[in-house]
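**Q** FYI, this note's numbering numbers position 12 of the sequence shown as 34, with every residue one higher than the one before it. One structure follows; several queries about it will come next.
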Amino acid sequence: MSLQTLLEAPHITIAYDHQHEWLHADWHGPQDLASVQHGAMEMLRLLQAQRCHKVLNDNTRVTSMWSEAAEWGGTEWFPAMAAAGLQYFAWVYSTNVYSRLSTDLTLQFTAGGPVVATFDDIETAKAWLVQM
23 MSLQTLLEAP
33 HITIAYDHQH
43 EWLHADWHGP
53 QDLASVQHGA
63 MEMLRLLQAQ
73 RCHKVLNDNT
83 RVTSMWSEAA
93 EWGGTEWFPA
103 MAAAGLQYFA
113 WVYSTNVYSR
123 LSTDLTLQFT
133 AGGPVVATFD
143 DIETAKAWLV
153 QM
């Protein structure tokens with residue numbers, strides 16, 4: 023995999039996958055409103071800079087609930103990502119049940135916009151994203 027790291031922060035690493043032409047966001051550790059908003063806005067900036075249309079959003083290593091960011095993510099951030107060109111978003115669940123609930127809550131606030139699919143493992147998410 024030809025990944026170029028674009029951002030390293032305490033709560034997220036974002037890379038560009040040159041082979042597949044998508045952003046790979048690797049969230050890690052506990053998350054809260056501030057960390058989610060920071061990481062999400064960096065993802066938006068990098069999506070625009072790379073002019074790509076797909077995101078592999080890996081929450082595998084997220085260790086906490088972050089539901090306070092759910093409404094913002096669904097009503098503000100996803101529409102901004104769609105306006106920036108996002109078409110397909112593969113979201114890999116954390117094994118942490120509270121993080122998983124936060125993901126599902128975010129998706130309840132998301133109307134229209136990009137195609138979002140959730141997965142329990144990263145390999146299945148990658149396979150889906152390649153087909154899109």
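We put the beta carbon where it would ideally sit given N, CA and C, even for glycine. Note that the structure is a prediction, hence the values are computed from the model and not measured.
(1) Kindly indicate the opening and closing residues of the alpha helix (DSSP H) around F100.
(2) Measure the CB-CB distance between S124 and A92 and report whether it falls below 7 Å.
(3) Is it right to say V114 is buried, meaning 16 or more other beta carbons lie within 10 angstroms of its own, or is it exposed?
(4) What are the partner residues of Y110, as DSSP defines its beta bridges?
(5) CB W88 to CB Q53, shorter than 7 Å?
(6) Strictly by DSSP, which residues pair up with G95?
(7) Can you say whether G61 is buried or exposed, counting buried as having 16 or more other CB atoms within 10 angstroms of its CB?
(8) Measuring only the C-alpha atoms, how far is F131 from S121?
(9) Any contact of the stretch 133-145 with the stretch 90-109, i.e. 3+ C-beta pairs under 8 Å?
(10) Taking 7 Å as the threshold (C-beta atoms), are L78 and H46 in contact?
**A** Taking the geometry as given:
(1) F100 to A105
(2) yes
(3) In the assembly as shown, V114 is a buried residue. Its beta-carbon has 16 or more other beta-carbons within 10 Å.
(4) K76 and V137
(5) Contact: yes.
(6) DSSP lists no partner for G95.
(7) buried
(8) F131 and S121 have their C-alpha atoms spaced approximately 16 Å apart.
(9) As far as the Cβ criterion goes, the stretch 133-145 touches the stretch 90-109, which means the pair count is three or higher.
(10) Between H46 and L78, the gap from beta carbon to beta carbon is short of 7 Å.
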